[in-house]
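Some notes on the structure that comes next.
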Amino acid sequence: MLNQLAALSLPTRSLAEGVQIVTLVILGLMMLGAALGVVLLPSIVYSAFLLGGVFISIAGLYILLNAGFVAAAQVLIYVGAVTVLILFAIMLVNKQQDFAPVANAWIRKGAAALVCLGLFALLSTMIVATPWSLWTGPIAGDNAIVVIGLHFFSDFLLPFELVSVLLLMALIGAIVLARREFLPEDRLVQQQGDAALTLPERPRETAALTGSTTPRP
Amino acid sequence: MDSGIDLQGSFIQALMDLGLPADLAKVIWIPLPMLLIIATATFLALVSTWLERKISAAAQQRVGPEYMGPLGMLVPVADVIKLLIKEDVMPAKTDPWLYTLGPILVFTPVFLSYLIVPFGQHLIITDLGIGIFLWISLSSVVPIGLLMAGYSSNNKYSLLGGLRAAAQSISYEIPLALSVLAIVMMSNSLSTIDIVQQQSGYGILGWNIWRQPVGFVIFWIAALAECERLPFDLPEAEEELVAGYQTEYGAIRFMLFYAGSYVNLILSSLMVAVLYLGGWEFPIPVGVIADWLGISETTPWLQIVTATLGITMTLLKAYFLLFLTILLRWTVPRVRIDQLLDLGWKFLLPVSLVNLLLTAGLKLALPFAFGG
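Read top to bottom, the protein sequences are chains A and B.
Per the working numbering, the very first residue in the first sequence carries number 1468; after that it's consecutive.
Per the working numbering, the very first residue in the second sequence carries number 612; after that it's consecutive.
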């Protein structure tokens, strides 16, 4: 059976390679087009949807590189979570607001374009100049999950744990932000003396742990 | 254990025997399973809409569809024809691009997920190494389509429905993935074939539902929520939101949503069957029966019988679960959005985490039973 498969796969190599090149070109064009759309389109909702397109194209590139697990993880996390979160944020605060045209806006745009081009040139020279060490061993393929897991718990243990700490910090921060109780408008006037960077909110009951809560006004 | 029918191998071999080059034979093979699976998924969804009507009618002591074909079986066909020839209206001030793309984004991932549904040892489109993970990651694309449809319809009900649908899918995806993870931990593989293999050998006693009862319940609830079935059909709650994100849709675009929801329901039922109810396995192992009757496992006709039995068993299990969802639909009332999110984040998530931890502990303590 294996011999048959090997015999089958030999003449198909040219076909497979052709399909791969065509797919690579299509995915690359998709990714570049969507990424340019994210930056250049005036509508922020379109930008967010196109960002999802960019992530999907990157997932396609991973599949072409035989990294199926990374591709699926990319779709799950970047498309399924990050893009949806961005869209949520946009749609919950969607103010249909036309911005007043700024005088001499082309100076800003030109400056931004210059900086981007400079960054692009810098990165391209870095990519071309760096002597990349190519992996010559066998390709993990479907076995990649096991390899990734082994790396996580051996030589990449520290970054792995640091990322989890970072996520925990983000989680606690989100809860602290979300649990804030805003004061009603009429009491806002009394609190003007506060520091500039704090939002008006009810003072937290730090005494709750000791059991002696002060009665609320 | 490599018995069974290898359709791909024999098909390509047959074409090569006819004198075609191997290259061409493979190219001819490639579209066949795709077309087959699209046709099968559509057919299964049509059958489930008919069942929905009939069982709903029985639950309410009505007759249900009766005159269109035997027992009203042609109703789904009439539905499809009606939706296909309806005028395709686009409401004023919609966003034409997003309005068109939304249903497609909801529809496509669901059909793609059928790639990994096994109906037998070799009766699967691709036995991917990432298997079940592909389904989870593809189903996470759906909320984007729902948000797109809700946003582009230029309707407040639609926007609210889309936001609700996305919030619901995101919150129930996590318990779903965690309960799948417990199964994956037991079978040491993400591949759906391996997951069924790990349950085989002891018939009904070996199925994962006995080892993962909590995971089964969590998965079932989360799958219902992902499919927006009735206890959790808030995104399209008629009394509050007209039809949620589908409000402005009609004709063929509505058909994409409608077909997508039923195909997704069948897919979830199939997944429950694969993950917890032994997939294509018969309650008594076929090998044991063959041994009793004194038939060798490599007999050609036995292999055909096994394959047919496998497909039948998978579909039977899936449709049994579908029957349960329809009964649930007429039994339980709809939950509120805060109850829905509370259930997801404050109950299912911790319970599924504990279930995962317990599975890991049992896997270390009893490796013979929990796939150590």
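We treat Cβ as the ideally placed atom computed from N, Cα and C, and that holds for glycine.
Cβ separation of residue i and residue j, assumed to be a contact under 8 Å, to the nearest whole Å
{"i": "LEU841/B", "j": "VAL943/B", "result": "7 Å"}
{"i": "PHE868/B", "j": "GLN857/B", "result": "5 Å"}
{"i": "ASN765/B", "j": "THR705/B", "result": "5 Å"}
{"i": "ARG945/B", "j": "ALA848/B", "result": "6 Å"}
{"i": "ILE741/B", "j": "PHE1619/A", "result": "Not really, about 17 Å apart at Cβ, beyond 8 Å."}
{"i": "LEU749/B", "j": "SER724/B", "result": "5 Å"}
{"i": "ALA862/B", "j": "LEU694/B", "result": "6 Å"}
Residue burial classification, residue i (beta-carbon count within 10 angstroms, cutoff 16)
{"i": "VAL746/B", "result": "The sequence given here has Trp at residue 746/B, not Val. Burial call: buried."}
{"i": "ILE794/B", "result": "buried"}
{"i": "TYR710/B", "result": "buried"}
{"i": "LEU881/B", "result": "buried"}
{"i": "GLN823/B", "result": "buried"}
{"i": "MET797/B", "result": "buried"}
{"i": "ASN875/B", "result": "buried"}
{"i": "PHE979/B", "result": "exposed"}
{"i": "PRO714/B", "result": "buried"}
{"i": "ALA652/B", "result": "buried"}
{"i": "PRO720/B", "result": "buried"}
{"i": "THR1686/A", "result": "For residue 1686/A there is no data in the structure shown, the boundaries of chain A being 1468 and 1684."}
{"i": "PRO632/B", "result": "exposed"}
{"i": "ALA1533/A", "result": "In the sequence on display, residue 1533/A carries Asn and not Ala. ASN1533/A comes out exposed."}
{"i": "ALA1474/A", "result": "Caution is warranted here: a pLDDT of 44 is assigned to ALA1474/A, below 50, making its placement in the model unreliable, and no coordinate value can be reported."}
{"i": "MET1636/A", "result": "exposed"}
C-beta neighbour in chain E for residue i, strict 9 Å
{"i": "VAL1643/A", "result": "The structure shown contains no chain E; its protein chains are A and B."}
Nearest neighbour of residue i, chosen from the options [CA to CA]
{"i": "LEU762/B", "options": "MET1497/A, LEU1507/A, ILE1612/A, ALA1515/A", "result": "The residue you asked about is not Leu; residue 762/B is Tyr in the sequence shown. Cα-wise, what sits closest to TYR762/B is ALA1515/A."}
{"i": "GLY889/B", "options": "ILE696/B, LEU952/B, ILE806/B", "result": "ILE806/B"}
{"i": "GLU784/B", "options": "VAL1632/A, ILE1639/A, LYS1576/A, GLY1547/A", "result": "GLY1547/A"}
{"i": "VAL728/B", "options": "LEU774/B, THR803/B, LYS693/B", "result": "THR803/B"}
{"i": "PHE1522/A", "options": "TRP1573/A, PRO1626/A, LEU1543/A", "result": "LEU1543/A"}
{"i": "THR660/B", "options": "LEU977/B, PHE934/B, ARG947/B, GLY955/B", "result": "PHE934/B"}
{"i": "PHE830/B", "options": "GLU859/B, SER782/B, ILE692/B", "result": "SER782/B"}
{"i": "ALA1005/B", "options": "GLY756/B, TRP903/B, VAL885/B, VAL897/B", "result": "Residue 1005/B lies beyond the range of chain B shown here (612 to 983); nothing can be said about it."}
{"i": "ASP1609/A", "options": "LEU801/B, VAL638/B, VAL753/B, PHE958/B", "result": "LEU801/B"}
{"i": "PRO702/B", "options": "LEU938/B, ALA668/B, GLU859/B", "result": "GLU859/B"}
{"i": "GLU839/B", "options": "MET645/B, VAL717/B, LEU646/B", "result": "VAL717/B"}
Chain-ordered chain A contacts of residue i [CB-CB under 8 Å]
{"i": "TYR797/B", "result": "Just to set this straight, residue 797/B is Met in the shown sequence, not Tyr. Per Cβ cutoff of 8 Å: no residues; MET797/B is ~15 Å from chain A at best."}
{"i": "PRO754/B", "result": "GLY1547, VAL1551"}
{"i": "MET759/B", "result": "PHE1516"}
{"i": "ILE895/B", "result": "Result: empty, since nearest Cβ-Cβ is about 30 Å, beyond 8 Å."}
{"i": "ALA777/B", "result": "VAL1551, LEU1554, PHE1555"}
Residue i: contacting residues in chain B (beta-carbon distance under 9 Å)
{"i": "VAL1569/A", "result": "Those within 9 Å of VAL1569/A in chain B number zero; the least Cβ separation is about 26 Å."}
{"i": "LEU1482/A", "result": "ASP634, LYS637, VAL638"}
Neighbour list for residue i in chain A, Cβ cutoff strictly below 9 Å
{"i": "ILE922/B", "result": "Result: empty, since nearest Cβ-Cβ is about 24 Å, beyond 9 Å."}
{"i": "SER751/B", "result": "VAL1542, LEU1543, ILE1544, VAL1546, GLY1547, ALA1548, VAL1551"}
{"i": "ILE806/B", "result": "Going along chain A, no residue has its Cβ under 9 Å from ILE806/B, so there is no contact; the nearest lies around 14 Å."}
Contact test: residue i Cβ vs the ligand NAD heavy atom, cutoff 8 Å
{"i": "LEU712/B", "result": "As for the ligand NAD, it is missing from this structure, which has no ligand bound."}
Within chain A, partners of residue i - CB distance below 7 Å
{"i": "PHE843/B", "result": "Near PHE843/B there are no residues of chain A at all, since even the closest Cβ is about 18 Å away, more than 7 Å."}
{"i": "TYR762/B", "result": "VAL1512, MET1558"}
{"i": "ILE666/B", "result": "Simply none; closest approach about 33 Å."}
{"i": "ILE915/B", "result": "The contacting residues do not exist; ILE915/B stays about 20 Å from chain A at best."}
Interface partners of residue i on chain B, CB under 7 Å
{"i": "ASP1461/A", "result": "Within the shown structure, residues of chain A are numbered from 1468 to 1684, placing residue 1461/A beyond reach of any answer."}
{"i": "ALA1539/A", "result": "ILE741, PHE744, LEU745, SER748"}
{"i": "ILE1525/A", "result": "Here the premise fails: no neighbours, minimum Cβ distance about 13 Å."}
Closer than 8 Å at the beta carbon, the chain B residues around residue i
{"i": "ILE1574/A", "result": "Neighbours of ILE1574/A on chain B: none; closest Cβ ~32 Å, over 8 Å."}
#### Entry: Whole alpha helix (DSSP H) elements within the stretch 644-691 of chain B, 4-residue minimum
none
#### Entry: alpha helix (DSSP H) runs wholly inside the stretch 827-912 of chain B, at least 4 long, in chain order
849-852, 862-887, 897-904
### Query
Enumerated in chain order, which unbroken segments of the alpha helix (DSSP H) with a length of 4 residues or greater are wholly contained in the stretch 1604-1640 of chain A?
1611-1619
### Contiguous beta strand (DSSP E) assignments of at least 3 residues, all confined to the stretch 707-757 of chain B
none
### Message
Which complete alpha helix (DSSP H) runs does the stretch 902-963 of chain B hold, if anything under 4 residues is left out?
### Response
911-940, 948-953
### Query
Fully enclosed by the stretch 1517-1586 of chain A, which alpha helix (DSSP H) runs are 4 residues long or longer?
1535-1541, 1551-1559
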